[in-house]
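As given, the protein sequences belong to chains A and B, one line each in that order.
Note that this note's numbering numbers the first sequence so that position 95 is 95, with each residue one more than the last.
Note that this note's numbering numbers the second sequence so that position 20 is 20, with each residue one more than the last.
Working notes, beginning with the structure itself.
2 protein chains.
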Amino acid sequence: MAHIKPAEIERESMKIIEAELTVRGIALNPETAAVIKRVIHTTADFDYADNLRFTSRAVERGVEALRGGVIVTDTNMALAGVSRPALTRLSGTARCFMADPETAEQAKAAGTTRAAAAVLRAEAEAPNAVLAVGNAPTALLRIAERMEMGWRPALVIGAPVGFVNVVESKERILEVCTRLDVPAIVALGRKGGSNVAAAICNALLYTAAGLLDPSSRN
Amino acid sequence: MAHIKPAEIERESMKIIEAELTVRGIALNPETAAVIKRVIHTTADFDYADNLRFTSRAVERGVEALRGGVIVTDTNMALAGVSRPALTRLSGTARCFMADPETAEQAKAAGTTRAAAAVLRAEAEAPNAVLAVGNAPTALLRIAERMEMGWRPALVIGAPVGFVNVVESKERILEVCTRLDVPAIVALGRKGGSNVAAAICNALLYTAAGLLDPSSRN
Numbered sequence: 001m002a003h004i005k006p007a008e009i010e011r012e013s014m015k016i017i018e019a020e021l022t023v024r025g026i027a028l029n030p031e032t033a034a035v036i037k038r039v040i041h042t043t044a045d046f047d048y049a050d051n052l053r054f055t056s057r058a059v060e061r062g063v064e065a066l067r068g069g070v071i072v073t074d075t076n077m078a079l080a081g082v083s084r085p086a087l088t089r090l091s092g093t094a095r096c097f098m099a100d101p102e103t104a105e106q107a108k109a110a111g112t113t114r115a116a117a118a119v120l121r122a123e124a125e126a127p128n129a130v131l132a133v134g135n136a137p138t139a140l141l142r143i144a145e146r147m148e149m150g151w152r153p154a155l156v157i158g159a160p161v162g163f164v165n166v167v168e169s170k171e172r173i174l175e176v177c178t179r180l181d182v183p184a185i186v187a188l189g190r191k192g193g194s195n196v197a198a199a200i201c202n203a204l205l206y207t208a209a210g211l212l213d214p215s216s217r218n
Numbered sequence: 001m002a003h004i005k006p007a008e009i010e011r012e013s014m015k016i017i018e019a020e021l022t023v024r025g026i027a028l029n030p031e032t033a034a035v036i037k038r039v040i041h042t043t044a045d046f047d048y049a050d051n052l053r054f055t056s057r058a059v060e061r062g063v064e065a066l067r068g069g070v071i072v073t074d075t076n077m078a079l080a081g082v083s084r085p086a087l088t089r090l091s092g093t094a095r096c097f098m099a100d101p102e103t104a105e106q107a108k109a110a111g112t113t114r115a116a117a118a119v120l121r122a123e124a125e126a127p128n129a130v131l132a133v134g135n136a137p138t139a140l141l142r143i144a145e146r147m148e149m150g151w152r153p154a155l156v157i158g159a160p161v162g163f164v165n166v167v168e169s170k171e172r173i174l175e176v177c178t179r180l181d182v183p184a185i186v187a188l189g190r191k192g193g194s195n196v197a198a199a200i201c202n203a204l205l206y207t208a209a210g211l212l213d214p215s216s217r218n
């Protein structure tokens, strides 16, 4: 059993996920199915079939933005989870400002969190980025605030995990993105994480790159 | 709501987790509670209160091993999730052999997966390491195989996620570790992930370092 190739395991896994969704009476929308299935593949958690919300044409617009585009993540863990082969194929880049000393200085000077300071750097240095938030609800709230001031990122992925401020931050970003017509993919509720944020990025990247059966999960 | 400090959010989150465990009628063992609560904190998924299995004194022995010890992860994502401040405080290190060109060469030469080749490198270069596996069931199977040949790592964290070979690989490592008296912490079933593997490492690191209220989740 140790010698099955990663691409075969991936195909077999997706078949199992599809079969179990059918058993649960869940029919996915073709537009969003690839994202939902990849998040379930990453977590083995079928709750995401209910939790994930997409604004109008969010997948299509996200895929378009990732051709030669920039992903900004809120943790180095999400950054490490974004597929390098897919990024390379699309001439895209991925960045994280969180652990940068400059971000820490700006946070200290402004009396705010590093997560919030990192959002300002993203707005200044990568205004058309796909923003992938898997950890910090304060990042989502700051993004919403800056969007009210006029910022229009290419896509907001809202997937922090946790018990304090998390549910509210995701409802808020979904409302703001819907109202301002910025594409958003949001994991409502408490669940999410850097792995979920990265999985959503990867589903979009694989679609954009035509890599429907990536040869590696990492 | 954006201005609560991370340490306060952490404390508040742990209180909510404890209260919900009580409501669910789950009384945690004091020995393993810190690990279980941190995994729930990382995933917002209470299934881990049932899924996590610990061999005899696994937490105590894992904590001891992490004082000046080495963690070897099976993904760069898990590596990125391991707390640097806690590692530094304990004079510990963390490594991942997966993305290393040398591992790719060895895998090609041996006709095996990178995950399996990375295990052999861990055995050769860090034989007393804490092994944190959050992705590759083949890594767990290879670890079990090498343990049957005599290898005794300090602790095996078995938390791959997925639908193919994953459940079996975790049952196998738990059986082998129990029989050979190597400490193991295993997330039985399909669920797990790099985030879960990193959270288990961090729970042990925080305990070893006396960092019960870490100032950051990352």
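Every residue, glycine too, gets a C-beta built ideally from N, C-alpha and C.
Opposing strand residues paired with residue i [DSSP bridges]
i               : result
T73 of chain A  : A:C96 and A:A132
A118 of chain B : Per DSSP, none; premise fails for A118 of chain B.
L52 of chain A  : A:A187
Same chain, Cβ closer than 6 Å to residue i, five either side skipped, listed in chain order
i               : result
R142 of chain B : A116 and V119
A78 of chain B  : A132, G134, S194, A197 and A198
C96 of chain B  : T73, N76 and L79
R217 of chain A : With a pLDDT of 40 at R217 of chain A, under the threshold of 50, the modelled position of that residue is not reliable, and the figure given next carries that caveat. If we look at R217 of chain A and ignore the five residues flanking it on each side, it has no Cβ neighbours.
G158 of chain B : V133, L140, K170, I173 and V186
N165 of chain A : P137
C201 of chain A : I71, V82 and A132
Residues near residue i by beta carbon distance below 7 Å, same chain, minus five either side
i               : result
L67 of chain A  : Position check: residue 67 of chain A holds Arg in this sequence, whereas Leu was assumed. For R67 of chain A, where only same-chain residues beyond five positions count, the Cβ hits under 7 Å are L90 and A208.
A65 of chain B  : V130, A154 and L155
R146 of chain B : V119 and E123
R24 of chain B  : F46
S215 of chain B : Caution is warranted here: a pLDDT of 44 is assigned to S215 of chain B, below 50, making its placement in the model unreliable, and the coordinate value is therefore given only provisionally. Cβ neighbours of S215 of chain B beyond the five flanking positions: P6 and A7.
F54 of chain A  : T32 and I185
R61 of chain B  : L155 and P183
A110 of chain B : A117
CA nearest to the CA of residue i, picked from the options
i               : options                           : result
L204 of chain A : A:V82, A:E171 and A:F46           : A:V82
E125 of chain A : A:V70, A:I17 and A:E168           : A:V70
T178 of chain B : B:L211, B:A94 and B:V156          : B:V156
V130 of chain A : A:A154, A:A44, A:I16 and A:G210   : A:A154
V182 of chain A : A:E148, A:I16 and A:A198          : A:E148
A198 of chain B : B:G189, B:D50, B:T43 and B:A7     : B:T43
A184 of chain B : B:R190, B:E175 and B:K191         : B:E175
E10 of chain A  : A:D74, A:V39 and A:C201           : A:V39
A58 of chain B  : B:G162, B:T112, B:K15 and B:P30   : B:P30
P160 of chain B : B:L180, B:V196, B:P127 and B:Y48  : B:V196
T73 of chain A  : A:T55, A:P137, A:V23 and A:L52    : A:P137
G92 of chain A  : A:E171, A:N128 and A:A19          : A:N128
I17 of chain A  : B:E105, B:E102, B:G162 and B:V166 : B:G162
Y206 of chain A : A:N165, A:G111, A:E105 and A:L87  : A:L87
L52 of chain A  : A:E60, A:L28 and A:R61            : A:L28
D100 of chain A : A:L180, A:R121, A:R61 and A:N165  : A:R121
Helix, strand or coil at residue i [DSSP, three-state]
i               : result
L174 of chain B : helix
G158 of chain A : strand
N218 of chain B : Bear in mind that the predicted position of N218 of chain B carries a pLDDT of just 38, short of 50, making it too unreliable to give a figure here.
V82 of chain A  : coil
L21 of chain A  : helix
A126 of chain B : coil
A184 of chain B : strand
A2 of chain B   : Because A2 of chain B sits at a pLDDT of 47, beneath the cut-off of 50, its placement in the model cannot be relied upon, and the following sentence gives the value as read from the coordinates. It is coil, neither helix nor strand.
D213 of chain A : Any answer about D213 of chain A is weak, because its pLDDT of 49 lies below 50 and its placement is not dependable; what the coordinates show is given next. Here D213 of chain A sits in coil by DSSP.
I36 of chain B  : helix
M147 of chain B : helix
I26 of chain A  : coil
V164 of chain A : coil
S194 of chain A : helix
S91 of chain A  : coil
Residue i classed as buried or exposed, judged by whether at least 16 other C-beta atoms fall within 10 angstroms
i               : result
R152 of chain B : exposed
S13 of chain A  : buried
I26 of chain B  : exposed
T103 of chain B : buried
S56 of chain B  : exposed
K108 of chain A : exposed
T22 of chain A  : exposed
K15 of chain B  : exposed
A19 of chain A  : exposed
Cβ neighbours of residue i in the same chain (closer than 8 Å, five flanking residues each side left out)
i               : result
Y48 of chain B  : I36, V39, I40, A187, K191 and V196
V167 of chain B : L188, G189 and R190
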